[in-house]
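Heads up, the thing below is written out as structure tokens.
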Amino acid sequence: MKNLTKLSTVAAAVLTLLTTPVQAQEEDGISIGGAVRVNYGMKLYSDASKDKGGDLTFDMAAIKFNGKHGDWGLASEYRFTSSTDYIKYGYGYYDVSPEWQLQFGINKVPFGNREFISNSWWFGIPYYLGFEDDHDVGLKATFDNGQWHTDLGFYKNPEYGASENKRYATDLYTGTINGTEYANEETNQLNLRQTYTLAHDGGSTTIGGSVQWGQIYNSKTEKNGDRYAIAAHLDSSFNGWNIQLQAMQYEYDAENQAGVDGNKIGVSVVSWQYEIASKGQAYNFNIAKTFPTSWGSVKVYNDFGIMTPDTDDDSFDNSYQNVTGAAIAAGPLYIMADFVMGRNMTFSTEMDDHVGLEEAGDGWDQRININFGYYF
């Protein structure tokens, strides 16, 4: 009943926003926007899902605020689902100069490709490891002169506590997963990302590298472990074509209590928790083509990712994910239709709710996902 009451309140707020004229953001002022999305999904590995012809569910409603007064500004987004609500980002910023900006609050962690290392609604494998579109609490300085782009960041901790699983992006988790009690949390994180963009006929190419280092506090042992990640990335566009490449390595070296296997670690995202290999590599190759139309655009894409565990447990197996899809943009509507194939990969397989651990399933599983969004 509480969820129904919450959902009714959210729906009323969204309806009010949809029917209220919103002024375009000016140099000084505030704008309000957001989105409402529903999702259709069918698991081809589930007889029940196929017998029903899939399920159509409420995905989320989002409220966004963007404002600026002189050189000061703010940006935030809060999301509501049928079962919970959470903040995606919320920070203030100061334009030190036309090239330098400071951000403080829950802002996007600068690691990997500057936007996403995926085209689909499903994200890429780095998202499920904690390295794509992550937002944490900290201070970030950004420099951009049109070619060189530098991000320097310090993040004290994630946007929610480690025992909370209601979060937009993946972070370390404190709690029990598959009988193992994890007590780890992220703290004191440093980030550096450097990219260079070269303009050329028909598009541009951005190349760069990222480094991340931080501590892992264990509340049982009361000791700090550490973690790191490094990545090289490329994003190139030419006459409507786009290629994204990324190679990364990461390690979570936690000071666990006795009896906890250090070859794996617990994480949480979108009201769920699962285990990943504590050390490994992830590789992504994405290709897309955008076709402009009289009413908007259509982008077709294929996103492929592989994660290779690099632990002392030889039974751990690679994880794979391939998403073939299309994104249709028409005014305020944005639709993403994806055919998802996964092997030994959380969320996209029937029996393997993890990344990089020993495979329980047998080969590739498939599912269909279509997300319908109205953005305002």
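Residues -24 to -1, 1 to 352 (mature numbering (1 follows the signal peptide of the UniProt record, and there is no 0)) make up the sequence shown, in order. Beta carbons: idealized from backbone N, C-alpha and C, even for Gly.
Taking all protein chains shown into account, decide if residue i is buried (16 or more other Cβ within 10 angstroms of its Cβ) or exposed.
i: Leu32; result: exposed
i: Ser254; result: buried
i: Glu335; result: buried
i: Ala205; result: buried
i: Asn154; result: exposed
i: His330; result: buried
i: Ser73; result: exposed
i: Lys28; result: exposed
i: Phe56; result: buried
i: Tyr228; result: buried
i: Asp341; result: buried
Below 6 Å CB to CB, which residues in the same chain sit around residue i once its five sequence neighbours on both sides are set aside?
i: Phe214; result: Gly178, Gly179
i: Gln77; result: Tyr69, Asp71, Thr118
i: Lys196; result: Ala159, Gln233
i: Thr60; result: Lys142, Ser247
i: Gln191; result: Thr163, Asn164, Asn200, Asp202
i: Gly9; result: Lys40, Phe352
i: Ile304; result: Val274, Ile311
i: Pro285; result: Ala253, Gly256, Phe292, Gly332
Tell me which residue opens and which closes the beta strand (DSSP E) that residue i is part of.
i: Ile63; result: 61 to 71
i: residue 355; result: Residue coverage of the chain in this structure runs from -24 to 352, which leaves residue 355 outside it and unanswerable.
i: Lys132; result: 124 to 134
i: Ile252; result: 248 to 253
i: Ser52; result: 48 to 56
i: Trp217; result: 217 to 229
i: Tyr149; result: It is not in any beta strand (DSSP E) - Tyr149 carries neither H nor E in the DSSP assignment.
i: Trp189; result: 179 to 194
i: Ile304; result: 295 to 306
i: Trp76; result: 76 to 84
i: Leu309; result: 309 to 319
i: Tyr158; result: 156 to 176
i: Ser7; result: 5 to 19
i: Gln233; result: Run containing Gln233: none; DSSP gives neither H nor E here.
i: Ile206; result: 199 to 214
i: Lys275; result: 273 to 285
i: Asn42; result: 31 to 45
i: Arg343; result: 341 to 351
Can residue i and residue j be called in contact, C-beta distance under 9 Å?
i: Gly46; j: Asp112; result: no
i: Gly66; j: Glu75; result: no
i: Phe87; j: Ser212; result: no
i: Tyr62; j: Tyr136; result: yes
i: Phe315; j: Thr300; result: yes
i: Gly129; j: Lys116; result: yes
i: Trp189; j: Leu174; result: no
i: Ile241; j: Glu251; result: yes
i: Tyr193; j: Glu161; result: yes
i: Gly43; j: Ser7; result: yes
i: Asn260; j: Ile101; result: yes
i: Gly184; j: His209; result: yes
i: Ala223; j: Gln170; result: no
i: Asp110; j: Ser244; result: no
i: Tyr103; j: Asn347; result: no
i: Ser94; j: Asp328; result: no
Can you find the residues in the same chain that come closer than 7 Å, C-beta to C-beta, to residue i, ignoring five residues on each side of it along the sequence?
i: Phe34; result: Val14, Ser58
i: Thr150; result: Ala138, Ser139, Tyr158, Ala159, Asn160, Glu161, Ser195
i: Phe80; result: Tyr67, Gly68, Leu115
Tell me the residue span of the alpha helix (DSSP H) that contains residue i.
i: Lys28; result: 23 to 28
With hydrogens ignored, establish whether the beta-carbon of residue i is closer than 8 Å to any heavy atom of the ligand MG.
i: Asn160; result: Absence of the ligand MG is noted for the structure shown, with no ligands found whatsoever.
Excluding sequence positions up to five away, which residues of its chain have a Cβ less than 8 Å from the Cβ of residue i?
i: Lys26; result: Met18, Lys19, Leu20
i: Glu231; result: Ile192, Asn194, Thr197, Lys199, Asn200, Gly201
i: Lys265; result: Gly216, Trp217, Asn218, Lys275, Val276, Tyr277
Say whether the stretch 293 to 312 touches the stretch 120 to 128, bearing in mind that this needs 3 or more beta-carbon pairs closer than 8 Å, one atom from each stretch.
no
Under 8 Å, with one C-beta from each stretch per pair, do the stretch 290 to 298 and the stretch 264 to 276 reach the 3-pair mark?
No contact exists between the stretch 290 to 298 and the stretch 264 to 276.
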